[in-house]
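In our numbering, each residue carries its 1-based index in the sequence shown increased by 71. Let me begin by presenting the structure, written as structure tokens, before commenting on it.
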Amino acid sequence: MLKNKLFSSIIAFTFVCMFFIWGVIPVKLVRAASIITPDSFVLTDGEYYLTHDVTLNNSLFIKDGDVKIDLNGYTLRLKDGVVDSVICVRGGSLFLNGRGGKISGGKGNITIHGGNCRRDRKSVV
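Right, here's the structure in full:
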């Protein structure tokens with residue numbers, strides 16, 4: 072009797088593993104997003120979001136990779152006196168999801184030098 076239960080458990084486990092391998096049960100691996108803080112500087116490949124209005128001490132630089140920024144309805148601004156863009160894309164790509172948020176300050180909101188930028192329709196830039 073114990074052998075039958077053990078055998079049944081092994082068979083069930085094997086089928087579940089096979090379903091994952093064949094893609095019958097969809098599995099999506101999600102990386103945790105990072106919070107943008109006033110001291111953020113270089114954003115690497117990944118997802119970032121705001122949890123409140125943020126005034127940056129320096130511009131955000133995107134040098135390579137795919138970067139997604141979710142403003143989450145908040146404002147991302149550059150502190151007074153900094154004469155640069157809020158976000159500088161110098162390679163790689165930026166996707167901006169505003170959800171009603173906005174970017175302000177500096178000499179321009181987003182500067183692109185050798186990369187690309189896309190945004191959703193609700194972003195105010």
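For every residue, glycine included, the Cβ atom is placed at its ideal position computed from N, Cα and C.
By the 10 Å Cβ neighbour count, where 16 or more other Cβ atoms means buried, how is N180 classified, buried or exposed? By 1-based counting over the sequence shown, the position of residue 180 is 109. By the 10 Å Cβ count, N180 comes out buried.
Going by other Cβ atoms of all chains shown within 10 Å of its Cβ, with 16 needed for buried, is D141 buried or exposed? Taking the first residue of the sequence shown as 1, we reach residue 141 at position 70. So D141 counts as buried.
Tell me the DSSP bridge mates of D110? Residue numbering aside, residue 110 sits at position 39 when the sequence shown is read from its first letter. None; D110 has no bridge partner.
Span separating the alpha-carbon of F112 from that of I81: Taking the sequence shown and counting its residues from 1, one reaches residue 112 at position 41. Taking the sequence shown and counting its residues from 1, one reaches residue 81 at position 10. Roughly 50 angstroms separates the two Cα atoms.
9 angstroms Cβ cutoff met for K139 and L167: Position 68 of the sequence shown, counted from the start, is the residue given in the question as residue 139. Position 96 of the sequence shown, counted from the start, is the residue given in the question as residue 167. Result yes, Cβ atoms of K139 and L167 sit closer than 9 angstroms.
Check whether the Cβ atoms of I158 and T182 sit closer than 9 angstroms, and answer yes or no. Here the question's residue 158 lines up with position 87 in the sequence shown. Here the question's residue 182 lines up with position 111 in the sequence shown. A contact, by the Cβ cut-off of 9 angstroms.
Would you mind stating whether V218 and G177 have Cβ atoms separated by less than 9 angstroms? Nothing about residue 218 can be read from this structure; the chain reaches only from 72 to 196.
Residue(s) in a DSSP beta bridge with L167: The residue you call residue 167 lines up with position 96 of the sequence shown. I140, R190, per the DSSP bridge assignment.
T146 and D110 - do their beta-carbons sit closer together than 9 angstroms? On the sequence shown, residue 110 is found 39 positions in, with the first residue counted as 1. On the sequence shown, residue 146 is found 75 positions in, with the first residue counted as 1. Contact: no.
Would you kindly work out how many angstroms separate the C-alpha atoms of G21 and L131, rounded to a whole number? Because the chain in this structure spans residues 72 to 196, residue 21 falls outside the shown range and cannot be described.
Determine the direct distance from the alpha carbon of D191 to that of N128, and round the result to whole angstroms. Looking up residue 128 in the sequence shown gives position 57. Looking up residue 191 in the sequence shown gives position 120. Cα-Cα distance, rounded: 26 angstroms.
Inter-residue spacing [alpha-carbon to alpha-carbon] between G136 and E118: What you label residue 136 is simply residue 65 of the sequence shown in a count that begins at 1. What you label residue 118 is simply residue 47 of the sequence shown in a count that begins at 1. Looking at the two C-alpha atoms, the distance is approximately 11 angstroms.
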